[in-house]
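See structure below.
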Amino acid sequence: MLDGGFIELKLRYEDLAAGDFVRSDDIYAGGHTWRVLCYPRGGGEMNSNGQRIGGEYLSIKLDLVTRSTNVRAIFAAFLVHLDGHPSAVHAKSFVAVYPLGAGGRGGRRLVDFVSGDGWVTVVCGVLIPSDSPQALSPPPPPPPSSGGGGGHIGRLLYGAADVTADVALVVGGETFRAHRAVLAARSPVFKAALFGSMAEATAPSVALRDMDPAAFRSVLHFIYTDALPDDIDELAGFSPVDMFQHLLAAAERYELGGLKLLSTKKLLDNVTPENVAGIIVCAEKYGCPELKKKCLDYLAREDEHFRKAATTQGLVHVNMFTGGGFMPFVLDYSETKNHAVGSLVCSDEFSAGGHLWRIECYPHGTKTAAKNGGEYVSLFVSLMSKSGSGTKAFFVADVLNGGGTPFERDEKRITAIREFKRNGDNWGWHQFLNRADLEKNCVTGSGLVTFICGIAVLCRGGGGEQLAVPPQKIGEQLGLLLDSAEGSDVSFVVGGEKFAAHRAVLAARSPVFRAQLFGCMSDATSSCIMLQDVEPAIFRALLRFIYTDDLPGDTGELDGSPIDTFLQHLLAMADRYALDRLKLMCAQRLLQDMTADSVADILACAETYNCPELKNRCIDFFAAENNFKKAAFTDGFAVLLQKFPVIAAELKKRTVHLPPP
Numbered sequence: 001m002l003d004g005g006f007i008e009l010k011l012r013y014e015d016l017a018a019g020d021f022v023r024s025d026d027i028y029a030g031g032h033t034w035r036v037l038c039y040p041r042g043g044g045e046m047n048s049n050g051q052r053i054g055g056e057y058l059s060i061k062l063d064l065v066t067r068s069t070n071v072r073a074i075f076a077a078f079l080v081h082l083d084g085h086p087s088a089v090h091a092k093s094f095v096a097v098y099p100l101g102a103g104g105r106g107g108r109r110l111v112d113f114v115s116g117d118g119w120v121t122v123v124c125g126v127l128i129p130s131d132s133p134q135a136l137s138p139p140p141p142p143p144p145s146s147g148g149g150g151g152h153i154g155r156l157l158y159g160a161a162d163v164t165a166d167v168a169l170v171v172g173g174e175t176f177r178a179h180r181a182v183l184a185a186r187s188p189v190f191k192a193a194l195f196g197s198m199a200e201a202t203a204p205s206v207a208l209r210d211m212d213p214a215a216f217r218s219v220l221h222f223i224y225t226d227a228l229p230d231d232i233d234e235l236a237g238f239s240p241v242d243m244f245q246h247l248l249a250a251a252e253r254y255e256l257g258g259l260k261l262l263s264t265k266k267l268l269d270n271v272t273p274e275n276v277a278g279i280i281v282c283a284e285k286y287g288c289p290e291l292k293k294k295c296l297d298y299l300a301r302e303d304e305h306f307r308k309a310a311t312t313q314g315l316v317h318v319n320m321f322t323g324g325g326f327m328p329f330v331l332d333y334s335e336t337k338n339h340a341v342g343s344l345v346c347s348d349e350f351s352a353g354g355h356l357w358r359i360e361c362y363p364h365g366t367k368t369a370a371k372n373g374g375e376y377v378s379l380f381v382s383l384m385s386k387s388g389s390g391t392k393a394f395f396v397a398d399v400l401n402g403g404g405t406p407f408e409r410d411e412k413r414i415t416a417i418r419e420f421k422r423n424g425d426n427w428g429w430h431q432f433l434n435r436a437d438l439e440k441n442c443v444t445g446s447g448l449v450t451f452i453c454g455i456a457v458l459c460r461g462g463g464g465e466q467l468a469v470p471p472q473k474i475g476e477q478l479g480l481l482l483d484s485a486e487g488s489d490v491s492f493v494v495g496g497e498k499f500a501a502h503r504a505v506l507a508a509r510s511p512v513f514r515a516q517l518f519g520c521m522s523d524a525t526s527s528c529i530m531l532q533d534v535e536p537a538i539f540r541a542l543l544r545f546i547y548t549d550d551l552p553g554d555t556g557e558l559d560g561s562p563i564d565t566f567l568q569h570l571l572a573m574a575d576r577y578a579l580d581r582l583k584l585m586c587a588q589r590l591l592q593d594m595t596a597d598s599v600a601d602i603l604a605c606a607e608t609y610n611c612p613e614l615k616n617r618c619i620d621f622f623a624a625e626n627n628f629k630k631a632a633f634t635d636g637f638a639v640l641l642q643k644f645p646v647i648a649a650e651l652k653k654r655t656v657h658l659p660p661p
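Per UniProt numbering: the sequence shown = residues 1 to 661.
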């Protein structure tokens, strides 16, 4: 088996001189990182006079980025026609051992491939045999960056010996400390296990089976941050595709819809002809119809994709699914020696794209090709079932040589896309291969010839769109946990009302709550905490922000007070619990709704709770003549002058040029 990756380079040919190159993005294959350098007008070699020459040939070079030795790589590159189809003629492949070897030079002029606007497309692939050494394991993922609720919750996961954890998950001999509230908020499966009637609900340690530790580490990262680790493509022991298949299985197991969508997108980003069949099987197994459809579109979109995929072991599974099918057809060639021209040998029927097909071989050619005297083998695929509105597909075929690998020829056998309208329609080649070449190179000692035949059925309705990245839902799911109060381990009594909450979530978001609930304060062991000097509506909004990273939608109606008064109280609570983002959000809303009647009170609030930007904007508002005339007669302005003489002096300085109110 081969591990590999493919990449497309699109470059403006006419803007590049000899020696100029375009560097590709990184390709991950065989546990190593690779990069392609493309010189559209050659590498710019120097002649004997020191002048740069070139311009007639394309040069392609493959570089090994990671530090490794004795890595054998197969490098392939082909150009793309103006109609978007890959060229079977303008293709090159090289084999090299790295770091001692590197790619090579193409040998065809590119004039035919320059489009009207001067763009050229080159597709490159790197394949690593399984006997090459794998790259060293990368270091563990770094802590996630902070940014809203997900960032703060993520810090819980990566805290050293975090005292806030209340459950240990044992996976493959490794122990992961976690928080029941976070797990339950994000996964209904964990919720049932940790807060339901299962034995795990009270157990301090829970063993999870049939899961790899490296994969579970990424699952936890997603649960706490709504994202995948930055270096997930390089995790030890896995190719990217293997890792994302593990994550897809875990997402299905724990009902993590967002992780499922992210994993399917990552699988699609990493699809190659060598792994596409395995991804299709995975998509079918875990209920991902869109991923399966995109993979089948991938096979149908590029002829070269299907040709390469047809030689992998995995594609034998594709015949179970709508969109594609594969059939190795073994012909007893020795039995056909005395057959006449037009004599037909057929394969068994096989299913692909919801239809039945068969391979039709004419060992001495069709009667249409009889003028060639039976010199060629003819090969076709035929639709055997009814097609209601026409079925579009293309056919690809290879014949194996005596060594069991595809027989090399100047042009690969890939048909154009054809619409099969009725039972019996077929498509293929009257002159598939010269019989002399076949007998010399492809007939085994027992007289057998093996054809590798594939059919790719195009899904109706196209579908070239990218899979959508799921929106982050961690705030929404924590909000539902707050509303349900399930698994709560602390309560607050505020103005006669009781609020259930979760210590881990509060500690993740507020250093003040962390010290209060997990430090040496008496509240650390108390299940019920009394809070003074705060209204229930304000504390309810504070909890809503802590869990969801957002303000309530009905801010102005929560306690019957004006919106500016409510926001000032909430800003005070944000300052009390060191919630800087909430302070900024409140300040922004106060600025949006500021009037001459409210500016004095807002300015006093900004000075009290250290909001310099809000303070400066309020003073600027005062300095406008029309605003000053109105604000100077408000009760808040009188209180402001009395309580903050420094601000009074600054206002006097800014408004000295204005006429008295």
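Beta carbons are placed, not taken as given, at the ideal position from N, Cα and C, and that holds for glycine.
Residue pairing from DSSP places residue 327 in a beta bridge opposite 453. In the structure shown, the three-state DSSP call for residue 565 is helix. Residue 96 carries a strand assignment under DSSP once its states are collapsed to helix, strand and coil. Note on geometry: alpha-carbon atoms of residue 278 and residue 260 lie some 17 Å from one another.
Taking C-beta atoms as the reference points, residue 501 and residue 510 fail to come closer than 8 Å. Check the Cα spacing between residue 596 and each of 637, 583, 567: the tightest is with 637. The alpha carbon of residue 368 has as its nearest neighbour, out of 428, 423, 385, 328, the alpha carbon of 428. The Cβ neighbour count for residue 363, taken over all protein chains shown within 10 Å, is at least 16; the residue is labelled buried.
With fewer than 16 other CB atoms across the displayed protein chains lying within 10 angstroms of its CB, residue 334 is exposed.
Looking at the DSSP output, residue 10 shares a beta bridge with 121. When Cβ pairs closer than 8 Å are counted between the two stretches, the region 503 to 518 is seen not to touch the region 205 to 219, the count staying below three. Within the same chain, and ignoring the five residues on either side of residue 449 in sequence, the residues whose Cβ sits closer than 7 Å to its Cβ are 331, 333, 399, 438, 442, 443.
For residue 587, the closest alpha carbon among the candidates 617, 577, 562, 578 is that of 617. Beta bridge pairing from DSSP links residue 428 with 380.
Residue 19 and residue 58 have their C-alpha atoms roughly 10 Å apart. Taking the CA atoms as reference points, residue 601 sits about 34 Å from residue 503.
Residue nearest to residue 343 within the set 352, 374, 611 is 374 (criterion: CA-CA distance). Residue nearest to residue 446 within the set 551, 454, 402, 650 is 402 (criterion: CA-CA distance). Measuring C-alpha to C-alpha distances from residue 567 to each of 593, 577, 546, 548 identifies 593 as the nearest. Less than 8 Å separates the beta-carbon of residue 415 from that of residue 394. Taking a C-beta distance under 8 Å as the contact criterion, residue 582 and residue 539 do not qualify as a contact pair. Bounds of any alpha helix (DSSP H) do not take in residue 63; it lies within the beta strand (DSSP E) bounded by 59 to 64. In the displayed model, residue 594 falls within coil according to three-state DSSP, outside both helix and strand. Counting only the Cα atoms, residue 609 lies some 16 Å from residue 645.
For residue 337, DSSP records no beta bridge to any residue.
In this structure, residue 249 keeps its C-beta atom at 8 Å or more from the C-beta atom of residue 224.
Judged by beta-carbon spacing, residue 481 lies beyond the 8 Å limit of residue 77, meaning their Cβ atoms are not closer than that value. Taken atom to atom, the span from the alpha-carbon of residue 257 to that of residue 157 is near 21 Å. Taking C-beta atoms under 8 Å as the contact rule, residue 541 and residue 570 qualify, at a distance of about 6 Å.
Residue 239 holds the alpha-carbon nearest to the alpha-carbon of residue 272 among 246, 252, 239, 251. By DSSP's assignment, residue 419 forms a beta bridge with 392.
A residue is called buried when at least 16 other Cβ atoms come within 10 angstroms of its Cβ; residue 245 meets this threshold and is buried. DSSP lists no bridge partner for residue 483.
Residue 632 and residue 255 have their C-alpha atoms some 59 Å from each other. Cα atoms of residue 518 and residue 243: separation of roughly 36 Å, rounded to the nearest angstrom. Note on geometry: alpha-carbon atoms of residue 494 and residue 180 lie some 25 Å from one another.
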